[in-house]
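A.B. asks: Going line by line, the protein sequences match chains A and B. Per this note's numbering, the first sequence starts with residue 1, numbered consecutively. Per this note's numbering, the second sequence starts with residue 306, numbered consecutively. A virtual CB, placed ideally from N, CA and C, is assigned to each residue, including glycine. All values derive from a computational prediction rather than experimental measurement. Here you go, one structure.
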Amino acid sequence: MIVGPSGSGKTTLLRAICGLEELDGGRIELGGRRIDDLPAHRRRCAVVFQEPRLLPHLDVLDNVAIGLVAGRTPRKTRRARARELVEEVGLEDLAGGGVKGLSGGEQQRTALARALCAEPELLLLDEPLSAVDPNRRASLMSLLLDLQRRREVTTLAVTHDRAEAAELGENIALLVDGRILQSDQPQDLFQRPESEEAARFFGMNVIHGQVRSGLLELEGARLAVSGPDGAGTFAIRPESVEIGSAGQLRMMVNEAVYLGSYVRLRLGGGETTIEAQVPVGDSPAAGSIVGVSLPESRLWRIPRP
Amino acid sequence: MTASPWRNAAMLAPALLATILLFGGALAGAVEQSFTPPLGGGFDTWSLQNWQTVLGDPVFGEAMLFSLRTAFFATVLSAAIALGIAYLLRSHGSATRTAAAFPVPVPHLIVAVVAVLWLAPGGLADRLLGSLPINFVRDQAGLGVVLVYLFKETPFLVVLLMSVMGRRMQEREEMAAVYGMGVVARLKWIVWPTVRTPLAVGSLIVAAYVFSAFEVPLTVGPNYPPSLGTYALEVTQSGAIEGAGEAAAALLLGALASIALALAILGLISRRWPTSD
Chain A
1 MIVGPSGSGK TTLLRAICGL EELDGGRIEL GGRRIDDLPA HRRRCAVVFQ
51 EPRLLPHLDV LDNVAIGLVA GRTPRKTRRA RARELVEEVG LEDLAGGGVK
101 GLSGGEQQRT ALARALCAEP ELLLLDEPLS AVDPNRRASL MSLLLDLQRR
151 REVTTLAVTH DRAEAAELGE NIALLVDGRI LQSDQPQDLF QRPESEEAAR
201 FFGMNVIHGQ VRSGLLELEG ARLAVSGPDG AGTFAIRPES VEIGSAGQLR
251 MMVNEAVYLG SYVRLRLGGG ETTIEAQVPV GDSPAAGSIV GVSLPESRLW
301 RIPRP
Chain B
306 MTASPWRNAA MLAPALLATI LLFGGALAGA VEQSFTPPLG GGFDTWSLQN
356 WQTVLGDPVF GEAMLFSLRT AFFATVLSAA IALGIAYLLR SHGSATRTAA
406 AFPVPVPHLI VAVVAVLWLA PGGLADRLLG SLPINFVRDQ AGLGVVLVYL
456 FKETPFLVVL LMSVMGRRMQ EREEMAAVYG MGVVARLKWI VWPTVRTPLA
506 VGSLIVAAYV FSAFEVPLTV GPNYPPSLGT YALEVTQSGA IEGAGEAAAA
556 LLLGALASIA LALAILGLIS RRWPTSD
């Protein structure tokens with residue numbers, strides 16, 4: 001799984017792998033076989049693009065079977081194979097119909113069936129859920145995970161959505177400005193980022209301060225932290241920030257935004273700004289002064305570059 | 306927001322009205338003229354004499370064949386060339402596209418006159434290159450006519466085709482490439498289904514135009530056989546009153562041929578080629 005902000009080069013990377021973009025340098029291998037010198041149609045990759053790119057003059061089955069056309073498979077066999085895949089993605093009722101009336105989710109399922117029907121060596125998913133209605137994302141996400149596990153197809157997906165990345169990816173690489181900043185399991189990236197950029201991308205608070213005798217001096221308070229003395233950069237997840245009178249830090253609630261299942265607080269004190277999440281019933285009002293604790297066990301010290 | 310049918314009808318009304326008045330009015334006038342007895346007889350009498358004269362005239366048959374032949378070659382060749390040019394230019398910028406469309410607004414008559422200046426025996430091409438191996442001006446086969454229409458109609462079709470060869474077609478071509486299709490398969494499965502309807506409709510317009518136009522055949526075409534348009538022009542010049550009915554009958558026959566072609570092509574599109582987008 002590749003994750004990164006918009007413009008970081010995720011789609012370009014995918015396009016380079018499948019042969020739609022020329023390389024300036026380096027090489028691409030798939031299963032020990034060099035493929036960057038092959039044209040796109042010989043690389044045995046299949047792509048589920050952001051937009052489904054279905055062919056409006058073909059019905060669902062012929063769209064799904066498009067990857068078998070090049071192999072000169074007879075149409076009857078192609079359609080039979082496509083029907084199996086269409087059933088697998090839950091579109092059996094729409095198999096013989098056109099693609100124009102399909103919803104965004106149905107179109108993306110068709111595109112997924114098309115990719116699997118081609119029996120690729122590598123399945124590439126380019127933000128496969130971005131064009132899908134938020135209410136239908138969950139079902140398509142579980143379908144993707146299910147198919148990936150059952151078919152054991154090597155899959156590389158890109159997304160800008162870190163939650164989607166965590167849900168889909170066993171390994172996640174963070175791509176920023178065309179460079180992989182960190183490649184790890186989701187939990188490591190969300191809890192133990194190796195750079196300030198990675199911490200910010202994965203939604204963590206980043207705090208700079210001086211550590212003396214194992215205590216971080218921050219806005220007049222002294223917080224216990226691990227690691228050596230000196231300047232340090234720390235990261236903590238918003239959901240790990242504790243609000244209560246026992247907190248050593250005194251900060252003002254600059255903003256309290258209700259987000260359905262929790263309230264997001266933006267807290268300010270001196271030069272430090274921290275984001276926290278609190279349960280809906282326990283939210284302090286905007287403008288109030290609250291005590292803030294940053295538990296030592298949750299405070300991650302970002303390694304020096 | 307969806308526009309109501311009434312709003313759509315109101316917006317289309319000026320164009321429909323102009324078409325009905327100009328095309329329908331002219332057609333009604335031509336029908337009336339074609340059935341008017343050559344020596345007159347008032348509005349209450351009608352005759353088939355103009356039609357019989359035209360259909361019995363061997364020159365009309367020759368003119369019909371000449372027009373069909375030039376229309377066929379001009380249409381097929383310009384469609385094929387336009388398809389190739391549009392495909393090659395599909396990913397070029399707007400400057401190249403505009404340059405390709407440059408001949409579209411140039412009047413046919415100007416192109417025909419320039420063709421005569423260049424291609425006639427003793428013309429500019431002769432002086433620059435020595436004598437040309439083929440005679441394009443006033444040649445019996447109508448090569449010059451076809452050449453002028455190729456110059457004029459190819460860019461028109463290129464413009465039409467490039468309007469559908471946009472980003473969406475390129476995305477579909479990319480998809481097809483990733484799914485194992487080489488260039489030939491992509492042409493068959495992606496490009497042709499995308500362009501066939503506008504190409505057929507554009508070719509129909511070109512064929513109908515070339516079939517009935519008269520200024521280019523009059524300028525660069527042979528003295529004999531005439532085209533359908535020049536035939537009609539010539540019969541009116543032989544006698545303004547009696548010739549008008551015959552010219553109307555001849556042009557109505559040409560119009561019927563164009564309508565039959567249009568119906569055949571539109572039938573093909575609706576039956577075999579469901580809309581691409």
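Using a Cβ distance threshold of 8 Å, determine whether the region 32 to 46 of chain A contacts the region 478 to 490 of chain B, with at least three qualifying pairs required.
C.D. replies: Output reads yes: the region 478 to 490 of chain B touches the region 32 to 46 of chain A.
A.B. asks: The ligand SAM and B:Glu-478: does any heavy atom of the ligand fall closer than 7 Å to the residue's C-beta?
C.D. replies: Ligands are entirely absent from the displayed structure, and the ligand SAM is therefore not among its contents.
A.B. asks: Could you name the residues of chain B that A:Val-47 contacts, counting a contact when the two beta carbons are closer than 9 Å?
C.D. replies: Translated into the one-based positions of the first sequence, residue 47 of chain A becomes position 47. Ordered by position in chain B, the residues that pass the 9 Å Cβ test against A:Val-47 are Glu-479, Met-480, Val-483 and Tyr-484.
A.B. asks: Taking only runs that begin and end inside the region 310 to 359 of chain B, name each unbroken alpha helix (DSSP H) of 4 or more residues, in chain order.
C.D. replies: The region 310 to 359 of chain B contains these whole alpha helix (DSSP H) runs: 310 to 324 and 330 to 339.
A.B. asks: Cβ of A:Gly-67 less than 8 Å from any chain B Cβ?
C.D. replies: On the first sequence, residue 67 of chain A is found 67 positions in, with the first residue counted as 1. Yes, its Cβ sits closer than 8 Å to a Cβ of chain B.
A.B. asks: Candidates B:Thr-541, B:Met-467 and B:Val-525: which alpha carbon is nearest B:Leu-424's?
C.D. replies: Numbered from 1 along the second sequence, position 119 holds the residue referred to as residue 424 of chain B. Selected option, being the one with the closest Cα: B:Val-525.
A.B. asks: Is B:Ser-339 closer than 8 Å to B:Ala-554 when the C-beta atoms are compared?
C.D. replies: Here the question's residue 554 of chain B lines up with position 249 in the second sequence. Here the question's residue 339 of chain B lines up with position 34 in the second sequence. In contact: B:Ala-554 and B:Ser-339 (Cβ atoms closer than 8 Å).
A.B. asks: Just reading off the beta strand (DSSP E) that A:Gln-248 is part of, what are its end residues?
C.D. replies: Here the question's residue 248 of chain A lines up with position 248 in the first sequence. Note, A:Gln-248: premise wrong, no beta strand (DSSP E); not H, not E.
A.B. asks: Should A:Ala-246 go down as buried or exposed, given a rule of 16 or more other Cβ atoms within 10 Å for buried?
C.D. replies: In the first sequence, counting from the first residue as 1, residue 246 of chain A sits at position 246. The residue is exposed, with fewer than 16 neighbouring Cβ atoms inside 10 Å.
A.B. asks: In whole angstroms, what separates the C-alpha of A:Leu-333 from that of A:Gly-230?
C.D. replies: Any property of residue 333 of chain A remains undetermined from this structure, which presents chain A solely from 1 to 305.
A.B. asks: Please report the residue range of the alpha helix (DSSP H) in which A:Thr-11 lies.
C.D. replies: Within the first sequence, the letter at position 11 stands for residue 11 of chain A. Unbroken alpha helix (DSSP H) run through A:Thr-11: 10 to 18.
A.B. asks: Using a Cβ cut-off of 8 Å, which residues of the region 68 to 79 of chain A contact any Cβ in chain B, in chain order?
C.D. replies: Within the region 68 to 79 of chain A, the residues whose Cβ lies closer than 8 Å to some Cβ of chain B are Val-69, Ala-70 and Gly-71, listed in chain order.
A.B. asks: By Cβ distance, which residues of its chain are closer than 7 Å to B:Gly-534, with the 5 residues on each side in sequence left out?
C.D. replies: Here residue 534 of chain B refers to the residue found at position 229 of the second sequence. If we look at B:Gly-534 and ignore the five residues flanking it on each side, its Cβ neighbours are Ser-517, Ala-518, Phe-519 and Pro-522.
A.B. asks: Compare the C-alpha of A:Phe-201 against each of A:Gly-101, A:Asp-177, A:Ser-226 and A:Val-280 and name the closest.
C.D. replies: In the first sequence, the residue the question calls residue 201 of chain A occupies position 201. The residue with the shortest Cα to Cα distance from A:Phe-201 is A:Asp-177.
A.B. asks: Return the chain-ordered ranges of every alpha helix (DSSP H) run that is complete within the region 114 to 170 of chain A and spans a minimum of 4 residues.
C.D. replies: Qualifying alpha helix (DSSP H) stretches, in chain order: 134 to 151 and 162 to 168.
A.B. asks: Counting Cβ pairs, one atom from each stretch, are 3 or more of them under 8 Å apart for the region 123 to 131 of chain A and the region 145 to 162 of chain A?
C.D. replies: These segments touch.
A.B. asks: Give me the DSSP bridge partner(s) of A:Asp-24.
C.D. replies: Indexing the first sequence from 1 puts residue 24 of chain A at position 24. BP columns for A:Asp-24 are empty, so no partner.
A.B. asks: Just tell me which of A:Val-211, A:Ala-111 and A:Thr-77 has its CA closest to the CA of A:Val-86.
C.D. replies: Counting from one through the first sequence, the residue named residue 86 of chain A turns up at place 86. It is A:Ala-111 whose Cα lies nearest to the Cα of A:Val-86.
A.B. asks: In the DSSP assignment, what residue or residues form a beta bridge with B:Asn-528?
C.D. replies: Against the second sequence, residue 528 of chain B aligns to sequence position 223. In the DSSP output, where bridge partners are listed per residue, B:Asn-528 has none listed.
A.B. asks: Would you list, in chain order, the members of the region 485 to 499 of chain B that have their beta-carbon closer than 8 Å to a beta-carbon of chain A?
C.D. replies: Against chain A - using a Cβ distance shorter than 8 Å - the residues of the region 485 to 499 of chain B are Gly-485, Met-486, Gly-487, Ala-490, Trp-494, Ile-495 and Pro-498.
A.B. asks: Out of B:Val-442, B:Leu-465 and B:Pro-412, which has the shortest C-alpha to C-alpha gap to B:Leu-388?
C.D. replies: The residue given as residue 388 of chain B occupies position 83 in the second sequence. The residue with the shortest Cα to Cα distance from B:Leu-388 is B:Leu-465.
A.B. asks: Consult DSSP for B:Asn-440 and reduce its assignment to one of helix, strand or coil.
C.D. replies: In the second sequence, the residue the question calls residue 440 of chain B occupies position 135. Coil at B:Asn-440, not helix or strand.
A.B. asks: Give me the Cα-Cα distance between A:Val-60 and A:Ala-95, rounded to the nearest whole angstrom.
C.D. replies: The residue given as residue 60 of chain A occupies position 60 in the first sequence. The residue given as residue 95 of chain A occupies position 95 in the first sequence. A:Val-60 and A:Ala-95: Cα-Cα distance of roughly 5 Å.
A.B. asks: How long is the line joining the alpha carbons of B:Glu-476 and A:Arg-15, rounded to whole angstroms?
C.D. replies: Your numbering for residue 476 of chain B matches position 171 in the second sequence. Your numbering for residue 15 of chain A matches position 15 in the first sequence. Between B:Glu-476 and A:Arg-15, the C-alpha separation is close to 12 Å.
A.B. asks: What is the DSSP secondary structure of A:Asp-184, reduced to helix, strand or coil?
C.D. replies: As a working note, residue 184 of chain A is residue 184 in the first sequence. DSSP places A:Asp-184 in strand when its eight states are reduced to three.
A.B. asks: Please state the DSSP three-state secondary structure of A:His-208.
C.D. replies: If you number the first sequence from 1, residue 208 of chain A lands on position 208. Strand.
A.B. asks: For A:His-57, decide whether its Cβ has a neighbour in chain B, counting only Cβ atoms nearer than 8 Å.
C.D. replies: Indexing the first sequence from 1 puts residue 57 of chain A at position 57. Closer than 8 Å: yes.
A.B. asks: Measuring straight from C-alpha to C-alpha, what distance separates A:Asp-282 and A:Glu-92?
C.D. replies: Reading the first sequence from its first residue, position 282 is the one you call residue 282 of chain A. Reading the first sequence from its first residue, position 92 is the one you call residue 92 of chain A. Straight-line Cα distance between these residues: approximately 48 Å.
A.B. asks: Would you identify the three-state DSSP class for A:Arg-34, choosing helix, strand or coil?
C.D. replies: Taking the first sequence and counting its residues from 1, one reaches residue 34 of chain A at position 34. DSSP places A:Arg-34 in strand when its eight states are reduced to three.
A.B. asks: Drop a sphere of 10 angstroms on the beta-carbon of B:Met-467, count the other beta-carbons inside from all chains shown, and report buried for 16 or more, exposed for fewer.
C.D. replies: Within the second sequence, the letter at position 162 stands for residue 467 of chain B. Its Cβ being crowded by 16 or more others within 10 Å, B:Met-467 is buried.
A.B. asks: Give the straight-line distance between the Cα atoms of B:Ala-512 and B:Val-469, rounded to the nearest whole angstrom.
C.D. replies: As a position in the second sequence, residue 512 of chain B is number 207, starting the count at 1. As a position in the second sequence, residue 469 of chain B is number 164, starting the count at 1. Rounded to the nearest angstrom, the two C-alpha atoms are 21 Å apart.
A.B. asks: Per DSSP, what are the beta-bridge partners of A:Met-252 in this structure?
C.D. replies: Walking along the first sequence from the start, residue 252 of chain A turns up at place 252. A:Gly-268 and A:Ile-289, per the DSSP bridge assignment.
A.B. asks: Taking 8 Å as the CB-CB cut-off, is A:Arg-53 touching chain B?
C.D. replies: Taking the first residue of the first sequence as 1, we reach residue 53 of chain A at position 53. It does; some Cβ of chain B falls within 8 Å.
A.B. asks: Any idea if B:Ala-376 is buried or exposed, counting beta-carbon neighbours within 10 angstroms, 16 or more meaning buried?
C.D. replies: The residue labelled residue 376 of chain B in the question sits at position 71 within the second sequence. Buried, because 16 or more other Cβ atoms sit within 10 Å of the Cβ of B:Ala-376.
A.B. asks: Give the secondary structure of A:Tyr-262 by DSSP, where H, G and I count as helix, E and B as strand, and everything else as coil.
C.D. replies: Reading the first sequence from its first residue, position 262 is the one you call residue 262 of chain A. Reduced to three states, the DSSP call for A:Tyr-262 is coil.
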